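Here is the structure we will look at.
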Amino acid sequence: RKEVEQDPGPFNVPEGATVAFNCTYSNSASQSFFWYRQDCRKEPKLLMSVYSSGNEDGRFTAQLNRASQYISLLIRDSKLSDSATYLCVVADKLIFGTGTRLQVFP
Amino acid sequence: GAVVSQHPSWVICKSGTSVKIECRSLDFQATTMFWYRQFPKQSLMLMATSNEGSKATYEQGVEKDKFLINHASLTLSTLTVTSAHPEDSSFYICSARSRDRGAEAFFGQGTRLTVV
Numbered sequence: 057r058k059e060v061e062q063d064p065g066p067f068n069v070p071e072g073a074t075v076a077f078n079c080t081y082s083n084s085a086s087q088s089f090f091w092y093r094q095d096c097r098k099e100p101k102l103l104m105s106v107y108s109s110g111n112e113d114g115r116f117t118a119q120l121n122r123a124s125q126y127i128s129l130l131i132r133d134s135k136l137s138d139s140a141t142y143l144c145v146v147a148d149k150l151i152f153g154t155g156t157r158l159q160v161f162p
Numbered sequence: 803g804a805v806v807s808q809h810p811s812w813v814i815c816k817s818g819t820s821v822k823i824e825c826r827s828l829d830f831q832a833t834t835m836f837w838y839r840q841f842p843k844q845s846l847m848l849m850a851t852s853n854e855g856s857k858a859t860y861e862q863g864v865e866k867d868k869f870l871i872n873h874a875s876l877t878l879s880t881l882t883v884t885s886a887h888p889e890d891s892s893f894y895i896c897s898a899r900s901r902d903r904g905a906e907a908f909f910g911q912g913t914r915l916t917v918v
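Chains as they are written, first to last, in my numbering: chain A, 57 to 162; chain B, 803 to 918.
Here it is in structure tokens:
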């Protein structure tokens, strides 16, 4: 089993839609998690950390479910500029998931 | 955020030659650096992790004699691809983390290597 698994997508959604991505991890001892965003042919950039109690940053909400070993990212009111690949990361060893590609269309 | 500079941003080399990629943390001390490889439309694959002054820890399947990693100072790590072959053509990205800045990692801009 891979250490971090994501649905690769692509997710094609219209502007304004709400979209959610899940990510599962195999090491139950993992403590820290992030969501990164990667645009085509660019380096990943930190989108947000994932806290145990869940956290929100504008249109983005991250959740952690330790019992089921998954993290999620919810994007509300999608914008065209949200089109990118979203990578979940187990921060202890900085292992990346395969990434989920999001394409927002007009 | 902190700045990580990776150089060169792209390189073309002949098969059999070696290529060195540098990764520098410009405004913080990088106690740990990570090297990744990314093939087109694929995820970032962790190659190795290095702590300053220590030997790098390589992931399974990554040849340590082919991908030489040096992390001699708190601001510089290098990856040398030795005897490069066309199948080594890829996007190589470094990432740096500091104990003082928590678990967040900061990425270099990446190096696109093409071996002909």
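Built from N, CA and C at the ideal position, the CB exists for glycine as well.
As the structure is a prediction and not an experimental result, all values here were calculated from the model.
Among the CB atoms of chain B, none fall inside 8 Å of the CB of serine 139 of chain A. The residue from A:Ser124, A:Tyr107, A:Gln94, A:Ala123 with its alpha-carbon nearest to that of threonine 117 of chain A is A:Tyr107.
Thr141, Leu143, Val145, Ala147: these are the residues of the region 119–147 of chain A whose beta carbon lies less than 9 Å from some beta carbon of chain B, given in chain order.
As summarised for the region 869–904 of chain B, the continuous beta strand (DSSP E) elements at least 3 residues long and confined to that stretch are 869–875, 878–883, 892–899, given in chain order. Scanning chain A for C-beta atoms nearer than 8 Å to the C-beta of phenylalanine 909 of chain B yields Glu99, Pro100, Lys101, reported in chain order. Against glycine 863 of chain B, chain A offers no close residue; the least beta-carbon distance is about 13 Å (beta-carbon pairs closer than 7 Å). In the structure shown, leucine 846 of chain B falls within a coil segment according to DSSP collapsed to helix, strand and coil. Counting only residues of its own chain and dropping the five nearest sequence neighbours on each side, aspartate 829 of chain B has a CB closer than 8 Å to the CB of Ala804, Val805. Cβ contact annotation for glycine 855 of chain B (same chain, cutoff 8 Å, sequence separation greater than five): His873, Ala874, in chain order. Here tyrosine 92 of chain A is not near leucine 150 of chain A, since their CB atoms are 8 Å or more apart. Put simply, the region 812–821 of chain B does not touch the region 112–131 of chain A. Fewer than three CB pairs are less than 8 Å apart.
Interface criterion met: the Cβ of threonine 154 of chain A is under 8 Å from a Cβ in chain B. By the criterion of a C-beta distance shorter than 8 Å, proline 162 of chain A is surrounded in its chain by Pro70, Glu71, Leu136, once the five residues flanking it on both sides are discounted.
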